[in-house]
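All residue numbers for the sequence shown refer to the numbering used here, where the first residue is 133 and numbers rise by one.
So the structure is just underneath, and the comments pick up after that.
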Amino acid sequence: MEVVIRQNYNEMSKLAAQMVAELLNTKPNAVLGMATGSTPLGLYQELVRMYKQGQLDFSRVMTFNLDEYVGLPGNHPQSYAYFMQENFFRHVNVPAQNINVPSGTTSNYPAFCDWYEKRIAECGGIDLQILGIGSDGHIAFNEPTSSLSSRTRLKTLSKQTIDDNARFFERREDVPVYAITMGVGTILEARQLLLVASGKSKASAIAQAVEGPVTSMVTASALQLHRDATVIVDEDAASELTMREYYEFIYAAKPAAPRA
Ligand code: F6R
């Protein structure tokens with residue numbers, strides 16, 4: 133796993149966007165795995181900026197989102213489908229038919245989950261999966277104790293995640309209790325993983341994911357099993373890492389390292 137520490141949220145976002153841009157420049161028909169939440173907003177804004185300046189083209193890109201709240205239709209302002217539309221898709225040229233977000237309103241979740249997995253495979257698999265991390269160490273909505281081999285399925289959100297995400301809803305009771313989410317096993321099959329984290333509230337989860345044991349109690353620790361995983365953190369999110377100097381030494385010595 134490569135750990136890169138950037139001074140602040142903007143620098144973290146720029147470097148992450150640069151990695152996505154590098155992929156699209158070498159593979160214009162890449163399959164991108166998308167994440168929602170506050171953390172990737174800066175990364176999406178940077179990609180939109182590059183697109184508007186003619187540096188990026190998404191016309192052949194295919195996307196798969198990690199997760200969606202159960203019970204929220206795509207036009208609900210707190211749904212992840214809506215989030216993606218507002219914060220990314222409506223600003224760039226990903227063709228509508230190339231966008232895949234799990235359905236939060238299907239009548240048959242097991243069938244939909246099977247279909248989603250098959251669709252990813254039919255498209256050749258995910259080239260680069262963008263990830264955030266929950267303060268409980270989750271990736272997507274793979275809450276503590278999720279199997280590290282899990283596939284797309286329904287999950288019950290943890291109390292911690294419901295508390296964390298209540299900020300997006302009018303009342304805590306409005307936060308859905310269930311989500312449809314790619315599994316840890318699904319995520320690990322992406323050819324490249326890119327996790328972004330910012331802020332003190334993520335410091336403990338990042339330290340556990342990067343330097344702790346691989347455990348289903350911190351599903352982000354499964355990134356340690358991946359051969360091409362990059363974790364980009366800002367100073368605050370890096371504040372509990374013990375091997376910081378080593379990560380900085382590796383990054384500084386890397387000749388082809390992308391620079392934000
Ligand atoms: C959302 C997702 C979640 C978030 C995580 C962090 O698609 O996969 O795992 O990445 O909950 O959310 P923020 O960035 O809002 O702190």
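Cβ atoms here follow ideal geometry from the backbone N, Cα and C, with glycine treated the same way.
For clarity, every value in this text was computed on a predicted model and none was experimentally measured.
By the Cβ neighbour-count rule, Tyr141 is buried, with 16 or more other Cβ atoms within 10 Å of its own. Within a 10 Å sphere around the beta-carbon of Gln324 sit 16 or more other beta-carbons, which makes this residue buried. Sequence-distant partners of Ser145 (beyond 5 residues in either direction) whose C-beta falls short of 6 Å from its own C-beta, in its chain, are Gly174, Leu175 and Glu178. Note on geometry: alpha-carbon atoms of Ala253 and Thr284 lie some 13 Å from one another.
Within the DSSP secondary-structure output, Tyr310 pairs in a beta bridge with Thr288. In this structure, Phe273 sits near Leu289, with a CB-CB distance shorter than 9 Å. In the DSSP assignment, Thr195 is bridged to Leu164 and Ile231.
Nearest C-alpha to Gly269 among Val193, Ser348, Ala149 and Asp360: Ser348. DSSP places Ala272 in no beta strand (DSSP E); its state is neither H nor E. For the options Ser333, Asp199, Asn230 and Val224, the alpha carbon positioned closest to that of Leu188 is the one of Val224. Judged by pairs of C-beta atoms under 8 Å, the stretch 191 to 211 touches the stretch 164 to 171, as three or more such pairs exist. In this structure, the beta-carbon distance from Ser267 to Ala337 falls below 9 Å. Here Ala322 is buried: its Cβ has 16 or more other Cβ atoms, across all protein chains shown, within 10 Å. The Cβ atoms of Ala298 and Arg304 sit closer than 9 Å to each other. If you compare the alpha carbons of Pro387, Arg376 and Ala339 with that of Arg138, the shortest gap goes to Arg376. In this structure, Pro172 lies near Val328, with their beta-carbon atoms less than 9 Å apart.
Around the CB of Asn230, 16 or more other CB atoms lie within 10 Å, so the residue is classed as buried. Ala352 and Ile271 have their C-alpha atoms spaced approximately 5 Å apart.
Set against 8 Å, the gap from the CB of Thr362 to the closest heavy atom of the ligand F6R is not smaller.
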